[in-house]
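Notes follow the structure.
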Amino acid sequence: MKFKTEVSLLLIAITLFAVAMFFYSYQGAVGNNAALSLSLAYPYRGIALAFVGFGSVSMVTASISYSKRSKNLLQ
Numbered sequence: 027m028k029f030k031t032e033v034s035l036l037l038i039a040i041t042l043f044a045v046a047m048f049f050y051s052y053q054g055a056v057g058n059n060a061a062l063s064l065s066l067a068y069p070y071r072g073i074a075l076a077f078v079g080f081g082s083v084s085m086v087t088a089s090i091s092y093s094k095r096s097k098n099l100l101q
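Residue numbers (the working numbering): 27 to 101.
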């Protein structure tokens, strides 16, 4: 991959991590009823975990590409 592609993948990963942080911590308006399930109190946690997964894949892809490219430059 080219350097611009690697940087773009890392920026996408950082953006996905930031968005996931807000989605994961968002708490819906649920009143004081303790019997409500956790999925109703935090409705976007599943989406946040998906964003973290895609961000992690993006970051690992960019890191592997960069390490392969830097090894080729050293030889």
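For glycine and all other residues, C-beta sits at the position ideal for the given N, C-alpha and C.
Taking C-beta separations shorter than 6 Å and ignoring five residues to either side along the sequence, the partners of V78 in its chain run A46, following chain order. I38 and S84 do touch by the CB rule: their CB atoms are close to 5 Å apart, below 8 Å. Under the three-state reduction of DSSP output, M85 falls in the helix class. The C-beta of L35 has 16 or more other C-beta atoms within 10 Å across all chains shown, which makes the residue buried. Y70 places its beta carbon less than 8 Å from that of F49.
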